[in-house]
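Peer 1: For reference, each letter of the first sequence is one residue, going 8 to 566 in the working numbering. Mind having a look at this structure? Questions to follow.
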Amino acid sequence: MRSRSHMRAIDTLRTALKAIIENERLTWPSKVVIEPPRDVTFGDLSVNAAMLLAREAKTPPRALAENFASKLMERCPDIAKASAAGPGFCNVTFTPEFWRTTVAEVEAAGDAYGTTSVGAHRRVLLEYVSANPTGPLHVGHGRGAAVGDSLARLLRMAGYTVDTEYYVNDAGRQMRLLGLSVWLRAKELCNLPVTWPAEGEYYKGDYIRDIAREMLAADPHLTDLPDAEGQERCYTTAMHKILDGIKSDLADFRVEHRLWFSEKTLVEGGAVDTAFAALSNAGHTYDKEHAFWFATEKLGDDKDRVLRKSDGSLTYFASDIAYHHDKFRRGYDWLIDVWGADHHGYVPRMRAAIAAMGKPQESFSVVLIQLVNLLREGKPVSMSTRAGTFETLSDVIKEVGTDAARFMFLSRKSDSPLDFDLDLVKQRTMDNPVYYVQYAHARICAVLRRAADRGISLPSLTPPALLSPLDTAEDMALLRKIAGFGDMLCAAAQSLGVHHVSHYLTELSGLLHSYYARHQVLQENDQPRSMARLALLRAVGQVLHNGLFVLGVSAPESM
RNA sequence: GCGCUCGUAGCUCAGUUGGAUAGAGCGACAACCUCCUAAGUUGUAGGUCGCAGGUUCGAUUCCUGCCGGGCGCACCA
Numbered sequence: 008m009r010s011r012s013h014m015r016a017i018d019t020l021r022t023a024l025k026a027i028i029e030n031e032r033l034t035w036p037s038k039v040v041i042e043p044p045r046d047v048t049f050g051d052l053s054v055n056a057a058m059l060l061a062r063e064a065k066t067p068p069r070a071l072a073e074n075f076a077s078k079l080m081e082r083c084p085d086i087a088k089a090s091a092a093g094p095g096f097c098n099v100t101f102t103p104e105f106w107r108t109t110v111a112e113v114e115a116a117g118d119a120y121g122t123t124s125v126g127a128h129r130r131v132l133l134e135y136v137s138a139n140p141t142g143p144l145h146v147g148h149g150r151g152a153a154v155g156d157s158l159a160r161l162l163r164m165a166g167y168t169v170d171t172e173y174y175v176n177d178a179g180r181q182m183r184l185l186g187l188s189v190w191l192r193a194k195e196l197c198n199l200p201v202t203w204p205a206e207g208e209y210y211k212g213d214y215i216r217d218i219a220r221e222m223l224a225a226d227p228h229l230t231d232l233p234d235a236e237g238q239e240r241c242y243t244t245a246m247h248k249i250l251d252g253i254k255s256d257l258a259d260f261r262v263e264h265r266l267w268f269s270e271k272t273l274v275e276g277g278a279v280d281t282a283f284a285a286l287s288n289a290g291h292t293y294d295k296e297h298a299f300w301f302a303t304e305k306l307g308d309d310k311d312r313v314l315r316k317s318d319g320s321l322t323y324f325a326s327d328i329a330y331h332h333d334k335f336r337r338g339y340d341w342l343i344d345v346w347g348a349d350h351h352g353y354v355p356r357m358r359a360a361i362a363a364m365g366k367p368q369e370s371f372s373v374v375l376i377q378l379v380n381l382l383r384e385g386k387p388v389s390m391s392t393r394a395g396t397f398e399t400l401s402d403v404i405k406e407v408g409t410d411a412a413r414f415m416f417l418s419r420k421s422d423s424p425l426d427f428d429l430d431l432v433k434q435r436t437m438d439n440p441v442y443y444v445q446y447a448h449a450r451i452c453a454v455l456r457r458a459a460d461r462g463i464s465l466p467s468l469t470p471p472a473l474l475s476p477l478d479t480a481e482d483m484a485l486l487r488k489i490a491g492f493g494d495m496l497c498a499a500a501q502s503l504g505v506h507h508v509s510h511y512l513t514e515l516s517g518l519l520h521s522y523y524a525r526h527q528v529l530q531e532n533d534q535p536r537s538m539a540r541l542a543l544l545r546a547v548g549q550v551l552h553n554g555l556f557v558l559g560v561s562a563p564e565s566m
């Protein structure tokens with residue numbers, strides 16, 4: 008379903024056209040699309056209604072469109088021009104006065120400009136990053152973090168009530184390996200004999216040795232402990248240290264998680280049994296070959312899945328079901344998970360679990376994050392956690408900065424692979440459009456400062472009369488663009504595609520730079536025009552600011 | 001082999017859920033600072049939207065089949 012537009016122009020046109028169509032005793036087709044045409048010379052908006060209604064009206068689409076066009080002009084004073092075009096489009100141009108009032112809309116709303124209520128306060132739980140606390144975050148996690156955090160901001164702008172959560176996998180094999188790895192390093196540092204497990208059965212990164220060293224410094228007798236107890240202590244300490252590091256990296260990256268949810272606590276609280284009972288009561292489980300199975304195949308999965316293995320232990324899927332069951336119990340209407348794209352094969356079984364809980368399909372969404380190919384001077388940088396030769400998120404932030412890294416992550420569809428070249432991201436070219444957008448904002452601020460120096464002051468709400476000098480094609484282009492900001496945010500929220508926001512900002516910045524080069528904003532001999540343009544620029548600056556906020560990128564006042 | 005996904009300008013990618021003559025940046029070439037920030041602007045060149053069918057007023061978009069790349073197919077997490 009297409010969401011209803013909030014753009015004032017579209018709203019106005021829809022209302023007028025609806026009345027006309029009803030007057031003709033025709034029915035408003037659900038497939039009506041009102042949108043800006045590809046070519047701006049066609050007008051501000053374009054409607055396909057005549058083509059959809061031709062059959063019912065028994066009139067050629069072109070003639071019907073002409074009829075609609077003339078009625079629109081009679082009926083609606085905001086419409087300056089309406090005409091039939093192409094196979095039966097109806098193209099509409101609004102009056103300049105109509106567009107100018109957009110400035111006041113922006114000024115009145117301020118930081119809230121662009122917010123809508125399509126979300127209707129539905130409660131969303133957005134889970135992202137959730138990396139195992141077995142090592143520092145790397146660049147791939149950074150992409151998921153940027154996308155998740157910006158999605159939260161985006162959905163809030165669209166009127167959803169969003170909680171963000173990090174699921175801490177603090178139970179299971181990975182944690183045992185972490186404890187073992189630190190424990191063995193500690194023994195090694197004390198020159199005790201150590202037999203290393205097979206490759207892949209322990210973590211090798213330098214941070215493991217660092218943690219072992221810190222622990223020994225705090226307690227020189229650490230290695231006197233029996234193996235089991237020592238490993239347990241190492242696991243607990245290491246996990247907390249690593250988690251602290253992750254939290255600090257996320258803070259540096261302007262990424263917020265409001266909730267931190269422990270898998271261990273969940274399991275110990277009996278959530279698995281509760282979830283199992285729910286599935287069993289609905290008749291979705293069975294026992295086979297000493298294992299406990301979940302019949303996911305009937306719910307769209309490739310085959311049924313094991314929940315409790317024949318050795319009595321739980322599968323990862325089991326606790327994940329319990330986790331999602333618990334999310335619903337906490338009252339959320341919509342669960343959004345941000346996962347690495349290598350987990351896409353996991354989606355059908357999770358969907359099956361959601362269905363088995365009796366929840367509608369729309370209540371669960373997965374946003375897949377494709378691989379980040381980290382490059383340096385065009386050459387790939389290896390990123391294996393266990394090999395210990397990865398580039399951490401923290402290193403990348405230090406090198407290129409949070410703004411550039413976030414914008415880069417957010418400027419492409421999250422489910423397609425991304426080449427992240429460290430040298431490129433530091434460059435100030437259009438391969439790296441963050442500067443282009445930030446520069447547009449800084450430029451506007453510079454003009455506003457200059458105006459203030461000259462003693463020109465704008466009212467906080469600009470009266471319409473003051474804006475009448477805005478009459479060029481470039482003025483209209485900017486006004487139309489900022490008028491569409493809220494709709495763009497809605498569309499982006501609906502498709503869970505944050506990249507739409509960065510594309511929009513790049514386009515808006517292009518219009519601004521072009522405008523700036525073409526029209527002198529402050530003119531010594533034309534105070535009224537200066538005021539009007541200043542007000543327009545201030546509004547554009549506000550929109551850039553709001554858009555950058557959604558991306559979690561700063562809007563500098565000077566560069 | 002099965003499933004998911006992608007294939008759009010030389011390169012990196014958009015394409016608003018089926019609309020009109022398919023866009024942007026980079027790279028190339030050529031113009032713009034006595035003037036509010038040149039991290040900028042303007043212009044030119046560049047395309048069989050992987051291939052072949054189908055659905056309809058209309059397809060880059062939806063369906064089918066091929067070709068090619070990525071990923072996934074555990075009583076792992």
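We treat Cβ as the ideally placed atom computed from N, Cα and C, and that holds for glycine. No experiment lies behind these values; they were computed from the predicted model shown.
Assess contact between the segment 458-478 and the segment 25-32, defined as three or more Cβ pairs (one per stretch) separated by less than 8 Å. Is contact present?
Peer 2: no
Peer 1: Who are the near neighbours of Thr-292 in its chain, counting only those whose CB is closer than 8 Å to its CB and skipping five residues on each side?
Peer 2: Looking up residue 292 in the first sequence gives position 285. Answer for Thr-292: Phe-283, Leu-286, Phe-299, Trp-300, Phe-301, Ala-302 and Leu-314, listed in chain order.
Peer 1: Classify Asp-217 as buried or exposed, calling it buried when 16 or more other Cβ atoms lie within 10 Å of its own Cβ.
Peer 2: Counting from 1 along the first sequence, the entry for residue 217 is found at position 210. Exposed, because fewer than 16 other Cβ atoms sit within 10 Å of the Cβ of Asp-217.
Peer 1: Count the other CB atoms within 10 Å of the CB of Ser-391; is the residue buried (16 or more) or exposed (fewer)?
Peer 2: As a first step, residue 391 is located in the first sequence; it is residue number 384 there, counting from the start. Caution is warranted here: a pLDDT of 48 is assigned to Ser-391, below 50, making its placement in the model unreliable, and no coordinate value can be reported.
Peer 1: Name the residue from Thr-281, Gly-179, Asn-198 and Glu-275 whose alpha carbon lies nearest to the alpha carbon of Met-246.
Peer 2: Taking the first residue of the first sequence as position 1, residue 246 is located at position 239. With distances taken between Cα atoms, Met-246 lies closest to Gly-179.
Peer 1: Which full runs of the alpha helix (DSSP H) of 4+ residues lie inside the segment 41-79, going along the chain?
Peer 2: Qualifying alpha helix (DSSP H) stretches, in chain order: 56-64.
Peer 1: So what's Leu-20 in DSSP terms, helix, strand or just coil?
Peer 2: Reading the first sequence from its first residue, position 13 is the one you call residue 20. The answer is helix: DSSP assigns Leu-20 an H, G or I state.
Peer 1: Within 10 Å of its beta-carbon, does Pro-84 have 16 or more other beta-carbons around it, so buried, or fewer, so exposed?
Peer 2: Along the first sequence, one-based indexing puts residue 84 at 77. So Pro-84 counts as exposed.
Peer 1: Are at least three pairs of beta-carbons, each pair with one atom in the segment 354-371 and one in the segment 107-119, less than 8 Å apart?
Peer 2: no
Peer 1: Is there contact here, the segment 186-197 with the segment 229-240, by at least three beta-carbon pairs under 8 Å?
Peer 2: Yes: the two stretches touch, three or more of their Cβ pairs being nearer than 8 Å.
Peer 1: Under a three-way DSSP split, which group does Tyr-167 fall into?
Peer 2: On the first sequence, position 160 is the one that residue 167 refers to. Residue state, collapsed to three classes: coil.
Peer 1: Counting pairs of Cβ atoms below 8 Å between the segment 446-464 and the segment 487-504, do you hit three or more?
Peer 2: no
Peer 1: Keeping to the same chain, check which residues put their C-beta closer than 7 Å to that of Ala-72; ignore five residues upstream and five downstream.
Peer 2: Sequence index remark: in the first sequence, residue 72 carries index 65 (1-based). Closer than 7 Å at the Cβ level, and outside the excluded window around Ala-72, lie Ala-57, Ala-91, Gly-95, Phe-96 and Cys-97.
Peer 1: By how many angstroms is the C-alpha of Leu-555 removed from the C-alpha of Leu-417?
Peer 2: Counting from one through the first sequence, the residue named residue 417 turns up at place 410. Counting from one through the first sequence, the residue named residue 555 turns up at place 548. Their Cα atoms are separated by approximately 11 Å.
Peer 1: Can you tell me whether DSSP reads Arg-342 as helix, strand or coil?
Peer 2: Here the question's residue 342 lines up with position 335 in the first sequence. The amino acid at residue 342 is misidentified as Arg; the sequence shows Leu. Of the three classes helix, strand and coil, the one that applies to Leu-342 here is strand, per DSSP.
Peer 1: If I measure Cβ to Cβ from Ala-360 and keep anything under 7 Å in the same chain, skipping five residues before and after, which residues do I get?
Peer 2: Looking up residue 360 in the first sequence gives position 353. Cβ neighbours of Ala-360 beyond the five flanking positions: Ile-328 and His-331.
Peer 1: Can you check DSSP and say which residues form a bridge with Thr-292?
Peer 2: Position 285 of the first sequence, counted from the first residue, corresponds to residue 292. In the DSSP output, where bridge partners are listed per residue, Thr-292 has Phe-301.
Peer 1: Consult DSSP for Ala-92 and reduce its assignment to one of helix, strand or coil.
Peer 2: Counting from one through the first sequence, the residue named residue 92 turns up at place 85. Shown here, Ala-92 sits in a strand according to DSSP, grouped into three states.
Peer 1: So, using beta-carbon positions, are Ala-490 and Met-14 closer together than 8 Å?
Peer 2: If you number the first sequence from 1, residue 490 lands on position 483. If you number the first sequence from 1, residue 14 lands on position 7. A contact, by the Cβ cut-off of 8 Å.
Peer 1: Taking the beta carbon of Asp-530 as the centre, do at least 16 other beta carbons fall within 10 Å, making it buried, or is it exposed?
Peer 2: Translated into the one-based positions of the first sequence, residue 530 becomes position 523. A small fix is needed here, since residue 530 is Gln in this sequence, not Asp. Gln-530 is exposed by the Cβ-count criterion.
Peer 1: Alpha carbon to alpha carbon, how far is Leu-378 from Tyr-135?
Peer 2: Indexing the first sequence from 1 puts residue 378 at position 371. Indexing the first sequence from 1 puts residue 135 at position 128. Each residue's alpha carbon lies about 15 Å from the other.
Peer 1: Quick check on DSSP: helix, strand or coil for Glu-104?
Peer 2: One-based indexing of the first sequence puts residue 104 at position 97. Three-state DSSP puts Glu-104 in a helix.
Peer 1: Whole angstroms is fine: what's the gap from Arg-536's alpha carbon to Tyr-522's?
Peer 2: For this step, residue 536 is matched to residue 529 along the first sequence. For this step, residue 522 is matched to residue 515 along the first sequence. Arg-536 and Tyr-522: Cα-Cα distance of roughly 14 Å.
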